[in-house]
Amino acid sequence: MATRSELTAAIVERYRVARRDDKGRILDEFVAVTGYHRKHAIRVLGRREKKPSGNKSHSLRYGSDVRQALRHRSGCAPNGCDH
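Numbering (my numbering), first residue to last: 4 to 86.
Quick look at the structure:
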């Protein structure tokens, strides 16, 4: 028997493009094979794919002139605030 994740990957696209009555049959088969509760199976099969998050670097958001002005305005030292 394939793992649950392999079964999910194999069925998810078929489930997404199916009509309502076909989804019921696919869901019945999926629940029987995996042992999931029906509501959990609906959530698993309906879950959207996660988009990989980009490499967000917060330090590059502002230039050095803006960071220096913000430090000056807030009263922070160049190496951080010691409040």
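Glycine included, each C-beta is placed from N, C-alpha and C at the ideal position.
Looking only at L48, T37 and R74, the smallest Cα-Cα distance to R17 is reached by L48.
The alpha helix (DSSP H) runs lying completely inside the region 6-47 and spanning 4 residues or more are 7-20 and 23-37, given in chain order. One Cα belongs to E52, the other to A44, and the distance between them is close to 15 Å. Taking every protein chain shown into account, the CB of Y65 has fewer than 16 other CB atoms within 10 angstroms, so this residue is exposed.
Excluding residues up to 5 positions away in sequence, T37 lie with their Cβ nearer than 7 Å to the Cβ of R7 in the same chain.
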